[in-house]
Structures are given as C-alpha cells and as structure tokens.
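Novice: To start, I am sharing the structure in question, which I have written as structure tokens.
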Amino acid sequence: MVFQHFKYSSCFEPNKVYHKAHFKFGNRGGPCGNRCGKNAVCSAGKCTCKKGYCGNPLVACFREYRCKKGCGANAVCDKRTGKCQCKPKFIGNPHVRCISLYGCTGGCGPNAVCKNGKFCACKPGYGPNPVIGCKPVPGCVRKCGLHAYCDAPNRKCVCRPGYVGNAYIRCRHS
C-alpha cells in the first residue's frame, strides 16, 4: 500500500482525510513507483517533500513559510502561507488571541467579561471587540438627561449652559 511508501512532512495535517483519488497505488518504476508529487523526491523508498517544502508528498509540496511574529493564544502558524490562523472552532485576532466559539473556555480579552459561561462581552463604556480586547469608547457610558449633553473627552454628561441639575436625569433652567 502507498501508506508505506511516503513520509508525512512537517506541515502535513495528519488528521485530515485526503480523497482516495489523490493517492497513487502501485509500485511501478522504482521503490516509489514514480508517483511522488510536485516538489517531492523518493528517498529510501518513500516520497518526501524537498527541504524547505511541506504538504502531501504524493500530491504536491509547497514552500514552507514561517510566521514572522509569534501567534496569539489558541492560534497556529500556517506553514503554507506564513500567516497565523485561529485553531478550528476558535475566532478572534490570531496575532493576539482566539477564543472558543463554544463559550469562554479560551478566556476573554482585556476589559471584557464572560456572560453566563457562553460568550464574552465588553464592560460598560468599552468596545468593540471582546475577543481581542475592549478599549474605552469615546462618549458617555450612560444616556444623558433632558437639557444635557455628553462631554465626550471626559465621558460624562453635563448640563447645557444656563441649566443645572443631575445631567443624567434632567437639567432645569437656572
């Protein structure tokens, strides 16, 4: 069988199931049966990817790339593209952190909390992304009252000129 005549390369996905049509059976024309894929060689009776290449040596091997910077939590480097990717069933920014689609098992980003063990949410006044981290949102945390406006840089409600009172409830004419 062909499984005895090839060696997995460094980026081959051992759990991935390849369609039978991708594999070449037989032992014609030498120990590898002249059946090694593109950028693969027959070595010691087995198809292997050339140095610096990875993939399925029976189909095709691709230049192996490394991620320039490390990948974040729950992310891996795709050696075929040189880019970080979230692991399966995880979402987020793969350079910072990826979290589980099924709850907060991967933890939440800075200024975010886990709600009912099901999803991450930004704390009040923060946004927009609870996965990679929430940042202060410009503007007021709460809605301003009547005759008041939001002093965005200070993130608080203020009564309009000529008005006094609780800016979050109602300001009255002074």
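The numbering of the sequence shown is the UniProt record's numbering, which starts it at 1 and goes up by one.
Glycine is no exception: its CB is placed at the ideal position from the N, C-alpha and C atoms.
Need the endpoints of the beta strand (DSSP E) that P136 sits in, please.
Specialist: Taken as a continuous stretch (DSSP letters only), the beta strand (DSSP E) holding P136 covers 133-136.
Novice: Quick check on this structure: which residue in G109, A73, A152 has the alpha carbon closest to the alpha carbon of K143?
Specialist: That would be A152, whose Cα lies nearest to the Cα of K143.
Novice: Where does A75 fall in DSSP's three states?
Specialist: Three-state DSSP puts A75 in a strand.
Novice: Among residues of its own chain, excluding the 5 on either side of A112, which ones have a beta-carbon nearer than 6 Å to its beta-carbon?
Specialist: So the list reads C120, C122, P130, C134, once near-sequence residues are dropped.
Novice: Using the Cα positions of A44 and G52, report the straight-line distance between them to the nearest angstrom.
Specialist: Approximately 19 Å between the Cα atoms of the pair.
Novice: Near V141, what residues of its chain come up, given a Cβ to Cβ distance below 6 Å and the 5 sequence neighbours on each side ignored?
Specialist: Hits under 6 Å: P124, G125.
Novice: What does DSSP give as the partner residues of T48 in its beta bridges?
Specialist: In the DSSP output, where bridge partners are listed per residue, T48 has V41.
Novice: From A167 to K118, what distance separates their C-alpha atoms?
Specialist: So the two alpha carbons sit approximately 36 Å from each other.
Novice: Between which two residues does the beta strand (DSSP E) harbouring H173 extend?
Specialist: It spans 170-173 - the beta strand (DSSP E) in which H173 sits, taken as one unbroken run.
Novice: Sort C114, R155, C32, A60 by Cα distance to K38 and report the nearest one.
Specialist: Ranking the options by Cα distance to K38, first place goes to A60.
Novice: Around the Cβ of G82, are there at least 16 other Cβ atoms within 10 angstroms (buried) or fewer (exposed)?
Specialist: Exposed, by the Cβ-count rule.
Novice: Considering just the uninterrupted stretch of the beta strand (DSSP E) at K83, what are its terminal residues?
Specialist: Residues 83-86.
Novice: For R66 and C77, which I take to be in contact (beta-carbon distance under 8 Å), what is that distance rounded to the nearest angstrom?
Specialist: Yes, they are in contact, since the Cβ atoms of R66 and C77 sit about 7 Å apart, within 8 Å.
Novice: Just verifying my parser: in three-state terms, what is the DSSP assignment at G29?
Specialist: In this prediction, G29 scores a pLDDT of 47, lower than 50, which makes its location untrustworthy; no coordinate-derived value is stated.
Novice: Is it buried or exposed for K115, if we count other Cβ within 10 angstroms and need 16 for buried?
Specialist: When all chains shown are included, K115 counts as exposed.
Novice: Name the one or two DSSP bridge partners that V158 has.
Specialist: Bridge partners of V158: Y149.
Novice: On a CA-only basis, which of R155, I99, C159 is nearest G145? Give me that one, please.
Specialist: Per the Cα distances, C159.
Novice: Fully enclosed by the segment 108-134, which beta strand (DSSP E) runs are 3 residues long or longer?
Specialist: Counting only runs of 3 or more, we get 112-115, 119-122, 126-129.
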